[in-house]
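Working notes for the structure below.
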Amino acid sequence: MWNKTLGAVIAAGLFGALLAVALFWMDSRLGGGGSASGALTLLSTLLAAIVTVWGILLSILMSSLIRTAQQYGPTVLSLFRASTPPKILLVFMTFTVSYLIAAVALILLAESRFVPLIASETGVILVFVAVMALPLFFLAATRLLEPAELASRLAEELRERVEAMDPLEQEERARAKNDDENTPDLENSLRASKTGYIQQIDREALMTAAEEGKRVLVCPVREGEFVLEGTPVLHFEGKEPELPKNWVLQAHDRSGERDLELSIERLLSIVVRALSPGINDLFTAIRGINHIGESCNTILNKRFPRNVRSDNEGKLFTKEFDFEGFMFACMDPLRENCAEQPLVSLHLLGILKNLEENCAIEQRKDVIRKNIKLIAEDSYKNAVNDREKQIFSRFKSLD
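In this note's numbering, the protein residues as written are 34 to 432.
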């Protein structure tokens with residue numbers, strides 16, 4: 034995404050210079066003789082002014098951005114880079130500055146043989162638009178740095194991932210969990226060729242290889258896992274299966290495309306930091322917990338990938354992210370960080386109780402109850418008065 038922005042910035046700079054050349058050529062054909070010293074002074078002044086204003090604005094903005102990132106983590110920086118207003122301003126300001134530099138250079142090269150009226154007027158218009166847009170951009174950018182807005186944007190990312198999952202059919206709800214079949218121990222292994230995060234696994238290619246070879250394959254890793262070079266990524270018996278070269282993709286960074294846990298962790302990074310003693314922003318934490326609860330409620334009736342695929346010819350065992358993994362990925366960091374914050378713990382327990390009531394699948398209800406008890410037990414240990422202990426005791430005793 035950042036590469037596309039860099040390409041747009043370079044294109045804007047080139048287009049600004051080309052526009053200056055085109056308008057300067059038009060002025061040379063349409064304009065009369067005279068001195069261009071006034072135009073040179075005007076455009077030079079505009080160039081100095083816009084660069085100065087832009088520099089001051091960027092200094093203020095970067096200071097705020099760095100401070101927010103220090104409080105809420107590097108996720109702030111990635112969100113800011115991915116947002117639209119900074120990209121628009123960067124492209125437009127590059128275009129404007131490039132135009133003004135090219136116009137000033139052309140006037141100097143032309144040695145004041147004519148007055149570049151059209152080029153000067155265009156420069157004034159561009160600077161006027163830039164100056165008018167700066168306050169709007171500043172408001173939009175500062176809004177992006179609000180902790181609650183950060184949580185909302187990350188929650189939207191998680192919500193989109195969850196809503197894109199397939200719904201459970203009615204007949205599937207009785208077995209809405211991964212198969213209990215034991216994963217076999219196989220003799221041979223394919224190993225990771227480099228160190229990095231698993232970004233994608235071609236399960237169709239693995240299943241095809243299992244069918245064609247009438248064999249059992251076991252893939253012990255899943256998207257989002259960090260594996261070292263030499264770590265087994267596929268177990269098999271006999272000869273090595275024929276697989277596409279890129280059946281497993283690795284990179285130094287995680288990708289949210291197939292890594293649902295990454296979306297959870299990005300939102301939790303804001304919530305957990307808001308709960309830290311140095312920040313202690315409980316209302317941002319509660320807002321983030323509300324967003325997490327919304328996604329948990331949506332995923333109650335969603336289908337997770339099965340960890341065993343088979344037909345008459347072959348069988349494939351894979352490691353998948355299931356409902357239990359999703360719930361514990363959401364709740365474990367919260368349980369550890371809100372135990373000393375009764376207000377937040379009670380709010381979280383209330384959301385989990387609502388999830389239990391909304392859930393129609395008994396296996397998933399058991400997972401929710403388990404999380405309720407774990408959170409209540411940790412919070413009970415840190416309760417400071419009898420009223421809090423009484424409330425947490427009720428949650429601990431839920432059946």
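Beta carbons: idealized from backbone N, C-alpha and C, even for Gly. Predicted, not measured: the structure shown is a model, and the values here were computed from it.
Put G229 into one of helix, strand or coil per three-state DSSP. For the purposes of this step, residue 229 is identified with residue 196 of the sequence shown, where counting begins at 1. Correct three-state label for G229: strand.
What does the Cβ neighbour count give for L247, buried or exposed, with the cut at 16 atoms within 10 Å? Residue mapping note: residue 247 aligns to position 214 of the sequence shown, counting from 1. For the sequence presented, residue 247 should be read as Lys rather than Leu. Per the 10 Å Cβ criterion, exposed.
Every unbroken beta strand (DSSP E) inside the region 310–355 [3 residues or more]: 341–343 and 348–351
For the alpha helix (DSSP H) holding P118, just list the boundary residues, first then last. For the purposes of this step, residue 118 is taken as residue 85 along the sequence shown, with counting starting at 1. Looking at the DSSP string, the run of the alpha helix (DSSP H) that includes P118 is T117 to A143.
Helix, strand or coil, according to DSSP, for S430 in the structure here? Indexing the sequence shown from 1 puts residue 430 at position 397. Coil at S430, not helix or strand.
Let me confirm a value: N340 is counted as buried when at least 16 other C-beta atoms fall within 10 Å, else exposed. Which label applies? Along the sequence shown, read from residue 1 onward, the residue named residue 340 stands at position 307. Classification for N340: buried.
Go ahead and pull the three-state DSSP assignment for C363. Along the sequence shown, one-based indexing puts residue 363 at 330. Residue state, collapsed to three classes: helix.
Which residue comes first and which comes last in the alpha helix (DSSP H) that contains V249? Residue mapping note: residue 249 aligns to position 216 of the sequence shown, counting from 1. No alpha helix (DSSP H) contains V249, which is instead part of the beta strand (DSSP E) from V249 to C252.
Please report how far the alpha carbon of L261 lies from the alpha carbon of T241, in whole angstroms. In the sequence shown, counting from the first residue as 1, residue 261 sits at position 228. In the sequence shown, counting from the first residue as 1, residue 241 sits at position 208. Taking the straight line from one Cα to the other gives about 27 Å.
Output the boundary residues of the beta strand (DSSP E) element that contains S222. As a position in the sequence shown, residue 222 is number 189, starting the count at 1. It spans N221 to R224 - the beta strand (DSSP E) in which S222 sits, taken as one unbroken run.
Report yes if the CB atom of F350 is closer than 9 Å to the CB atom of T216, and no otherwise. Here residue 350 corresponds to residue number 317 of the sequence shown, with the count starting at 1. Here residue 216 corresponds to residue number 183 of the sequence shown, with the count starting at 1. It is a contact, given that the beta carbons lie within the stated cut-off.
Are the CB atoms of L187 and R299 within a distance shorter than 9 Å? For this step, residue 299 is matched to residue 266 along the sequence shown. For this step, residue 187 is matched to residue 154 along the sequence shown. A contact, by the Cβ cut-off of 9 Å.
What residue from N418, V417 and I401 has the CA that sits closest to F428's CA? Here residue 428 corresponds to residue number 395 of the sequence shown, with the count starting at 1. It is I401 whose Cα lies nearest to the Cα of F428.
Nearest-angstrom Cα distance between V251 and L219? Within the sequence shown, the letter at position 218 stands for residue 251. Within the sequence shown, the letter at position 186 stands for residue 219. Approximately 8 Å, taken between the alpha carbons.
How long is the line joining the alpha carbons of F128 and I151, rounded to whole angstroms? Counting from one through the sequence shown, the residue named residue 128 turns up at place 95. Counting from one through the sequence shown, the residue named residue 151 turns up at place 118. Their Cα atoms are separated by approximately 17 Å.
Short of 6 Å in beta carbon distance, which residues of its chain neighbour W280, apart from the five on each side in sequence? Order them along the chain. Translated into positions along the sequence shown, residue 280 becomes position 247. Cβ within range, chain order: D235 and A238.
Alpha-carbon to alpha-carbon, S378 and K333: Your numbering for residue 333 matches position 300 in the sequence shown. Your numbering for residue 378 matches position 345 in the sequence shown. In the sequence as displayed, the identity of residue 333 is Leu instead of Lys. About 22 Å.
Following the continuous beta strand (DSSP E) through F269, name the residue where it begins and the one where it ends. Your numbering for residue 269 matches position 236 in the sequence shown. Per DSSP, F269 belongs to the beta strand (DSSP E) from P265 to F269.
Decide if T101 is buried, meaning its Cβ has at least 16 other Cβ atoms within 10 Å, or exposed. Within the sequence shown, residue 101 is the residue found at index 68, counting from 1. By the neighbour-count rule (16 or more Cβ atoms within 10 Å), T101 is buried.
Would you give the residue range spanned by the alpha helix (DSSP H) that A173 belongs to? Here residue 173 is taken as the residue at index 140 of the sequence shown, counted from 1. Residues L150 to L177.
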